[in-house]
Amino acid sequence: LYSGVCYSISNDVFKDVKSDHDFTGKVVLTTGSSSGIGEGIVKLFSRLGANVVVTGRKASEISRVAKEAQQLSPKKLKPLEVVADVGKSDDLKRLLNETIKTYGKLDVLVNNAGIGQFIGIRDPNLMSVFDKTIHINLRSFLELIQLSVPYLDQTNGTIISISSIAAFKPSALGLAYQASKAGVDMMSRALALELGPKIRVNVINPGPVITNFFNNNPMADPKAAEKVFSNMMSKITMKRLGSALDIAKGVVYLASPDAAFITGANLSTLIFTSYP
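Residue numbering for the sequence shown follows the working numbering, starting at 1423 and increasing by one per position.
Structure follows, in structure tokens:
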């Protein structure tokens, strides 16, 4: 309909492109940021000038990441450290309240904390594992979003949730984790429709990433894990596993003015040779 309409693009619109990844003065809250992907996210945002919140369940790990993030900050900004369990409503409320009390606002919310366990339909513990997985991986995301929306409204903020390629690439024994991540994807699309145009809502679907998420999995068998990763490598177009920095760069992009016209989207960080 509009293909024949031509207009001139002023040079003025290009002047801010160089500084689009300057987050000076912005406040970024990332759950599960004391390790893994979340650690990479807060460190990159800190490097780009943002005020960041480091949160998790282990005070020692939070302190470590906060110190390292501060070293990366151009102005050596000290991150806010909050010990919190996203599975507990009171902790989520306290996490947000401390963020607002310290910084007075919120610009970027990154839902990242998550759990995963292989379990099958015949396992007697299935329902307890399923309930816990949905609670941590989906319900806690929604609860923190609900708490944050009044503040994100004030800043025309953005919400980015870390999902997984498991949301659309099923595998045996992964039903609890896969259902939770598929829920994150659809929830985010619905929220994008409801919260736009003031608040943008997007999702990143990482493939296999080198973090302790897999290394610390009590279900992990080293030999089985090696076989799984070898099989993955043969199907990944880039022929390598992802890193926390790979994911963090995607988050920064979606939070930046570069992505100002993107909402309700899924950014997958790799392509399998057999897709989906």
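C-beta: ideal position from N, C-alpha, C; glycine also.
{"Item": "What does the Cβ neighbour count give for T1524, buried or exposed, with the cut at 16 atoms within 10 Å?", "Value": "exposed"}
{"Item": "Would the region 1535 to 1543 and the region 1553 to 1566 be scored as touching if the rule is three or more Cβ pairs under 8 Å?", "Value": "yes"}
{"Item": "Alpha carbon to alpha carbon, how far is R1622 from V1450? Give it in angstroms, no decimals.", "Value": "14 Å"}
{"Item": "Under the three-state reduction of DSSP, which class applies to S1602: helix, strand or coil?", "Value": "helix"}
{"Item": "So, does the region 1503 to 1511 touch the region 1471 to 1478, judging by three or more C-beta pairs under 8 Å?", "Value": "yes"}
{"Item": "Compute the Euclidean distance between the alpha carbons of S1384 and G1542, then round it to the nearest angstrom.", "Value": "Here the chain has residues from 1423 to 1698 only, and residue 1384 is not among them."}
{"Item": "What does DSSP give as the partner residue(s) for N1547 in the beta ladder?", "Value": "Paired residue(s): none; N1547 is not in a bridge."}
{"Item": "How about the region 1585 to 1599 and the region 1624 to 1632: do they share at least three Cβ pairs that are nearer than 8 Å?", "Value": "yes"}
{"Item": "Does T1580 come out as helix, strand or coil in the three-state DSSP assignment?", "Value": "strand"}
{"Item": "Put G1596 into one of helix, strand or coil per three-state DSSP.", "Value": "strand"}
{"Item": "For A1687 and I1582, I'd like the C-alpha separation in whole angstroms.", "Value": "10 Å"}
{"Item": "Between which residues of its own chain and G1618 is the CB-CB distance below 7 Å, once the five residues before and five after are set aside?", "Value": "T1685"}
{"Item": "Is the beta carbon of L1667 closer than 8 Å to that of G1462?", "Value": "yes"}
{"Item": "Using 8 Å as the threshold, is the C-beta distance between L1466 and V1674 below it?", "Value": "yes"}
{"Item": "Under three-state DSSP, which class holds N1534?", "Value": "coil"}
{"Item": "If you draw a straight line from the alpha carbon of L1595 to that of Q1576, how long is it in whole angstroms?", "Value": "43 Å"}
{"Item": "Suppose contacts are defined by Cβ-Cβ distances below 8 Å. Is I1632 in contact with L1676 by that definition?", "Value": "no"}
{"Item": "Using a Cβ-Cβ cutoff of less than 8 Å, which residues in the same chain neighbour N1522 once the five nearest sequence positions on both sides are dropped?", "Value": "Sequence inspection shows Ile at residue 1522; the Asn mentioned does not correspond to that position. Counting only Cβ-Cβ distances below 8 Å, and skipping sequence neighbours, we find L1528 and Y1573."}
{"Item": "Could you pull the DSSP bridge partners for L1564 from this structure?", "Value": "DSSP lists no partner for L1564."}
{"Item": "Answer with buried or exposed for G1447, where buried requires no fewer than 16 other C-beta atoms within 10 angstroms of its C-beta.", "Value": "exposed"}
{"Item": "Just curious, the beta strand (DSSP E) that G1672 is in, first and last residue?", "Value": "From DSSP, G1672 is part of no beta strand (DSSP E) but of the alpha helix (DSSP H) over A1666 to A1677."}
{"Item": "Just the C-alpha distance for S1690 and G1672, rounded to the nearest angstrom, thanks.", "Value": "9 Å"}
{"Item": "Tell me, to the nearest whole angstrom, how far the beta carbon of F1563 is from that of V1606; I am working on the premise that it is less than 8 Å.", "Value": "6 Å"}
{"Item": "What's the call for Q1568, buried or exposed, on a 16-neighbour Cβ count within 10 Å?", "Value": "exposed"}
{"Item": "What's the C-alpha gap between E1490 and A1472?", "Value": "14 Å"}
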